[in-house]
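As you go down the protein sequences, you meet chains X and D in turn. Sequential numbering of the first sequence, starting at 1, is according to the working numbering. Sequential numbering of the second sequence, starting at 487, is according to the working numbering. Ideal Cβ placement from N, Cα and C applies to all residues, glycine included. Bear in mind the structure is a predicted one, so any value in this text is a computation, not a measurement.
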Amino acid sequence: MRTLLVSPFPPARDGLATYAAQLYATWTGEGRSVEVLSPEPSAAQFNADLKTPAGILRAIRVARRFDRVVVQFHPETFFYGMDPLHFLQGWAWLMAFFTLAPNVEVVVHETPHKAAGRLDSMRALLWGALWRRPETVSVHTEAERKAMADEYSLDPKKLTVIDHGSGFTRHSKATRSEARSSLGVEPGSFLFLCAGFIQPHKGFDRAARALGCLDGDDLRLAIVGEMRVWTPEHQAYLDLLRSLSESDPRITLHDGYVSDETFDRWIIASDVVVLPYRHIWSSGVAERAALYERPVIATDVGGLAEQISSSSRVVSDREGLIRAMAEACGAVAGSVDGASEPVPGSGAQATRRSRSSSEDLQGLVAQRAGILHEWYDPLDRSERPILDVAVSDPLQGPLALPAGQRGVGPKAIAQRVVSRLIDWRVVPIALYVNAMREQLLGDPTLSTDRGGTSDGPRSQAAGALVTKTSRQPGRRRPSSGSAPRS
Amino acid sequence: MKGPIAVVSATAGSNVGGAESMLRDVAIGLAERDWNVEMLTTAAEDIYTWENVAEVGSRHEGLLKVRRFEAVGLTQPLRDRLSHRILAGEKLTMAEQYRWANAGMRVPGLYDFLVEHGREYQAIVCGPYMFWAGLVLADVAPERTVLFPCLHDEPFARLGIYKFMMRAVRGLWFLTDPEFQLASRLGLVGERYAFVGSAVTNPASIDVGSFRSRYNVDGDYLFFAGRREWGKGWPQLMEDLAFAREVLGDCFPLVTCGVGEVGSLGGRLGVRDIGAVPDEDRASGQAGALAYIQPSAMESFSRTVLEAFLLATPVVANWHSAVVRWHCERSGAGLTYSNRYEFAECLRLLRDRPQDVRDLAQNGPSYVRNEFTWPAVMDRVEASLGAWT
């Protein structure tokens, strides 16, 4: 049986490529006939840009020469973006591929899901239709299987769970002392390791902040990885990690290219691998830690709890992470629950007269909320000023749409028609722009000082337009048709 | 007998907003003080549908003579289209602004009546500022109109038609200082204004046990009474609640009464909707709650927050409402939150240190009794009526 593996493939700095390479090595080692089609030129036998119709057509032509096609699925391989236009384009090409290629088996590494707030009901329907098309769909954990079945209304029998690490092989034969020596890690230190691509959702900042709560000069945290893609957000996250490492000499940041061998050497050198992810489906790093029998401390997201071994720990919050790290290294946790420090006047001895004032409790709420904010979203700066310098109004006033044309002339009619056609897109954009302008200038004449409680002004601005106008009183009643009196 | 006074309200029905409810209370309060009061309102009883339910015409209801007119509904597409432009920050011409106002609910019969009989009243009290009748009164009887703007910060408050209206009428009655500050910033305050405030009263009866059994409510719960709509912060509350559940685990259920859809997220969160309930049940629900939640950023008085204060129920309120923040800070009886993190931490405090939060709430009753009682409000109302009309 001839198998075509569709996946990113080395040489590439990509976890999926590494995964595919190991799978390829395993399958060919077992004597199977396997060839690879990658979305970029690589060491694979074929390549085709799977985001384009031409690439998909080429992939279909190639696939039809094989008996079985195994797709390692990640949205970035098939979609330019998840905005409606690009989503629909990508969906259509992918549906064509799943329909026309023979015996397609899909291994899902990540897909938009409700928990991440990236799935509405229409998209859920479309994704569901897509996942029903292949012969089989596989995920790495039972949690992922349940989530996919629930969110896409799929028959659970259609979904299978495969061991993420089944094809993993060791890249390094170094001993622990050799690994430490080569990486400059002191022999007697206790090393926590955060390794992987530098991305906000990896939550490495959580581990750095947790280490700050532990006493012990011999404790170390190494953050090892590189930015897979450059975006302002990724850069800001790297800067955050850099500032955290500079604030505590026990933390080192090794950002840059890491070979597979070096990556494994870091795992060998470590005492505990920390995976404080904000969200993830499953983790290849957890599998590599297991390969070298290193314990893992991981947050309870996606299928991680299911994936890691019994000697590892799953935590659900900041305090849990601090305690787990403290227990792992035998350190004393300093301010594990700093936010829970008693406020003046509270406690058993507190009399009614000296009971916690609203200022005390409000201050405690703000202090704890700051910690919570860091735990969930380290880069969110919505509560802080964007700029602390004077700025001029880039728009010279709020962005306004042209006044509607009155009259019955062809020009006025044409303008009204165009306006009706584009308002639903243009008006929200205008609102966004005005919200940004307001945020930039702090212009109190534009709208509420701070209109809502979401993470930023944009969601409120959108809500102001889309939701409020859809809830004007009388929405459910058709117009009576009576003419205005004045 | 003093007067006569007309109190003009969009509805005297059961499913009303806080402004309409307050206007009715003021009308009754004046009648009790020997004023000849007539309520001019619509036959509609639901501010969502504006469906004419009651009988059009005049009749006595208790101390009040109530004259109802037919409400004419929305011209929806035009209203929506112009609303979008206003919300997008566009400056509409005055003609367009009037077109927008007239595309909302309007009461042509009331206009005719006021043209004919407006001068017969010593004063005409109207509110809130977005009610169509205010614009009519600014045209036909500005010299005797007193407006309760019930203003909060929103793009509509910046329309030129309302600036004209509020400066044209005889005087403005404000409910709170933040409302007055906002009106001043927007240039809406004319020569005469007064802080009359508003009031809440002790509920007729409180029976938490009966409330729990009637609505099958067990254990600790959070409570929200009001309209489940964007303007009241409901969708954001659902998101904040979902986040709090993620952080704290399965914490307190939310019980809500009032109108509007709970929504799909609310359903998934197990929000308990007991629908529209009698005032006594609402008060009992508030009294039994671990905390009363006020998610609205657009309040001009926030009657339900003061009712919770009066019942010594802890309040957790949206910091973005200047008025509610003002109440909480001055009373020391409530906590505020400005984002989902603070909301979650407020709930954590309720879970971990309920007694501390309950202690805070003990500041509430005295705050309300000292400042927001009907006798004090009616004294101020009568004083300004005497001075202005």
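Under 7 Å Cβ to Cβ from Ser311/X, same chain only, skipping five residues before and after it: list those, please. The residue labelled residue 311/X in the question sits at position 311 within the first sequence. Once the five neighbours on either side are set aside, the close Cβ partners of Ser311/X are Pro295.
Alpha-carbon spacing of Arg605/D relative to Asn856/D, whole angstroms: For the purposes of this step, residue 605/D is taken as the residue at position 119 of the second sequence. For the purposes of this step, residue 856/D is taken as the residue at position 370 of the second sequence. The alpha-carbon atoms of Arg605/D and Asn856/D are separated by roughly 37 Å.
Using a Cβ-Cβ cut-off of less than 9 Å, give me the residues of the region 826-848 of chain D that come near chain X, in sequence order. Arg826, Tyr827, Glu828, Phe829, Ala830, Glu831, Cys832, Arg834, Leu835, Asp838, Arg839, Gln841, Asp842, Val843, Asp845, Leu846 and Gln848
Check whether the region 647-664 of chain D and the region 827-840 of chain D touch, using three or more Cβ-Cβ pairs below 8 Å as the test. no
Since Trp521/D sits in a beta bridge, which residues does DSSP pair it with? Mapped onto the second sequence, residue 521/D falls at position 35. Lys488/D.
Quick check: what's the CA-CA separation for Ile267/X versus Leu221/X? In the first sequence, the residue the question calls residue 267/X occupies position 267. In the first sequence, the residue the question calls residue 221/X occupies position 221. Distance between the alpha carbons of Ile267/X and Leu221/X: 12 Å.
For chain X, check one thing: does any of its Cβ atoms lie closer than 8 Å to the Cβ of Leu821/D? What you label residue 821/D is simply residue 335 of the second sequence in a count that begins at 1. Yes, its Cβ sits closer than 8 Å to a Cβ of chain X.
Within 10 angstroms of its Cβ, does Leu600/D collect 16 or more other Cβ (buried), or is it exposed? Your numbering for residue 600/D matches position 114 in the second sequence. Counting Cβ neighbours within 10 Å, Leu600/D comes out buried, since at least 16 surround it.
Determine whether the Cβ of Val143/X lies closer than 8 Å to any Cβ atom of chain D. For this step, residue 143/X is matched to residue 143 along the first sequence. In the sequence on display, residue 143/X carries Ala and not Val. No, because no Cβ of chain D sits closer than 8 Å to the Cβ of Ala143/X.
Rounded distance between the beta-carbons of Gly683/D and Val863/D, thought under 8 Å: Residue numbering aside, residue 863/D sits at position 377 when the second sequence is read from its first letter. Residue numbering aside, residue 683/D sits at position 197 when the second sequence is read from its first letter. Correct: roughly 5 Å between the Cβ atoms.
Out of Leu4/X, Ala48/X and Lys51/X, state which residue places its alpha-carbon closest to the alpha-carbon of Thr28/X. As a first step, residue 28/X must be located in the first sequence, where it is residue number 28. Per the Cα distances, Leu4/X.
Taking just the CA atoms, how far does Glu287/X sit from Ala435/X? Taking the first sequence and counting its residues from 1, one reaches residue 435/X at position 435. Taking the first sequence and counting its residues from 1, one reaches residue 287/X at position 287. C-alpha separation (whole angstroms): 45 Å.
Could you check whether the region 779-793 of chain D touches the region 710-718 of chain D, counting it as contact only if at least three pairs of C-beta atoms, one from each stretch, sit closer than 8 Å? yes
Quick one: measure Cβ to Cβ for Val69/X and Val104/X, integer angstroms, because I've assumed they're closer than 8 Å. Start at 1 with the first residue of the first sequence, and residue 69/X comes out as number 69. Start at 1 with the first residue of the first sequence, and residue 104/X comes out as number 104. Yes, Val69/X and Val104/X are in contact; Cβ-Cβ is about 5 Å, under 8 Å.
On a Cα-Cα basis, can you pick out the residue from Leu50/X, Thr175/X and Phe66/X that is closest to Met1/X? In the first sequence, the residue the question calls residue 1/X occupies position 1. Measuring from the Cα of Met1/X, the nearest candidate turns out to be Phe66/X.
If you follow the alpha helix (DSSP H) that Tyr237/X is part of, which residue opens it and which one closes it? Stepping through the first sequence from its first residue, residue 237/X is reached at position 237. Element bounds for Tyr237/X: Pro232 to Ser247.
Using DSSP bridges, identify the partner residues of Arg65/X. The residue you call residue 65/X lines up with position 65 of the first sequence. None, per the DSSP bridge assignment.
What residue range is occupied by the uninterrupted alpha helix (DSSP H) comprising Phe634/D? On the second sequence, residue 634/D is found 148 positions in, with the first residue counted as 1. First-last for Phe634/D: undefined, no H or E at that position.
In whole angstroms, what separates the C-alpha of Ile760/D from that of Tyr707/D? Counted from its first residue, the second sequence places residue 760/D at position 274. Counted from its first residue, the second sequence places residue 707/D at position 221. Ile760/D and Tyr707/D: Cα-Cα distance of roughly 13 Å.
Contact list for Ser153/X against chain D, beta-carbon separation under 8 Å: Your numbering for residue 153/X matches position 153 in the first sequence. Residues of chain D passing the Cβ test: none, with the nearest at roughly 15 Å.
Please classify Trp860/D: does DSSP put it in a helix, a strand, or coil? Against the second sequence, residue 860/D aligns to sequence position 374. Here Trp860/D sits in helix by DSSP.
At a CB distance below 8 Å, what residues from the region 557-588 of chain D approach chain X? Give them in sequence order. Val558, Gly559, Leu560, Thr561, Gln562, Pro563, Arg565, Asp566, Arg567, Ser569, His570, Arg571, Leu573, Ala574, Gly575, Glu576, Lys577, Leu578, Thr579, Glu582, Tyr584, Arg585 and Asn588
Alpha-carbon to alpha-carbon, His201/X and Trp230/X: Within the first sequence, the letter at position 230 stands for residue 230/X. Within the first sequence, the letter at position 201 stands for residue 201/X. Whole-angstrom Cα-Cα distance: 15 Å.
Between Val365/X and chain D, is the shortest Cβ-Cβ distance under 8 Å, so that the two count as touching? On the first sequence, position 365 is the one that residue 365/X refers to. For Val365/X, the answer is yes, since a Cβ of chain D falls inside 8 Å of its Cβ.
May I have the straight-line CA-CA distance separating Ser807/D from Asp845/D, to the nearest angstrom? Here residue 807/D refers to the residue found at position 321 of the second sequence. Here residue 845/D refers to the residue found at position 359 of the second sequence. For Ser807/D and Asp845/D, the distance between alpha carbons rounds to 23 Å.
Does any CB atom of chain D fall closer than 8 Å to the CB of Gln72/X? The count along the first sequence starts at 1 and reaches residue 72/X at position 72. With 8 Å as the cut-off, Gln72/X does not count as an interface residue toward chain D.
Among Ala557/D, Val703/D, Arg553/D and Ala777/D, which one has its Cα closest to the Cα of Tyr534/D? Sequence index remark: in the second sequence, residue 534/D carries index 48 (1-based). Ranking the options by Cα distance to Tyr534/D, first place goes to Ala557/D.
Rounding to the nearest angstrom, what Cα-Cα distance links Asn588/D and Leu621/D in this structure? Locating residue 588/D in the second sequence gives position 102, counting from the first residue. Locating residue 621/D in the second sequence gives position 135, counting from the first residue. Using only the alpha carbons, I get a separation of about 10 Å.
Whole-angstrom C-beta distance between Gly15/X and Gly284/X, which should lie under 8 Å: As a first step, residue 284/X must be located in the first sequence, where it is residue number 284. As a first step, residue 15/X must be located in the first sequence, where it is residue number 15. Contact flag correct, Cβ pair sits at about 5 Å.
Please tell me whether Gln362/X has its Cβ less than 8 Å away from any Cβ of chain D. On the first sequence, residue 362/X is found 362 positions in, with the first residue counted as 1. Yes, its Cβ sits closer than 8 Å to a Cβ of chain D.
What does a CB cutoff of less than 7 Å around Gly774/D pick up in its chain, not counting 5 residues either side in sequence? Numbered from its first residue, the second sequence carries residue 774/D at position 288. Val694, Phe697 and Arg698, listed in sequence order.
Glu246/X to Leu253/X span [Cα, whole Å]: Indexing the first sequence from 1 puts residue 246/X at position 246. Indexing the first sequence from 1 puts residue 253/X at position 253. For Glu246/X and Leu253/X, the distance between alpha carbons rounds to 9 Å.
CB contact check: Gly761/D to chain X, cutoff 8 Å: As a working note, residue 761/D is residue 275 in the second sequence. Chain X, which has no Cβ nearer than 8 Å to the Cβ of Gly761/D, makes this no.
Please list, in chain order, the residues of the region 416-433 of chain X that have any C-beta partner in chain D closer than 7 Å. Asp423, Val427, Ala430 and Leu431
For Ala462/X and Met724/D, I'd like the C-alpha separation in whole angstroms. Taking the first sequence and counting its residues from 1, one reaches residue 462/X at position 462. Taking the second sequence and counting its residues from 1, one reaches residue 724/D at position 238. With a pLDDT of 35 at Ala462/X, under the threshold of 50, the modelled position of that residue is not reliable, and no figure is offered here.
Please confirm if the region 299-308 of chain X is in contact with the region 275-282 of chain X, defined as three or more CB-CB distances below 8 Å between the two stretches. yes
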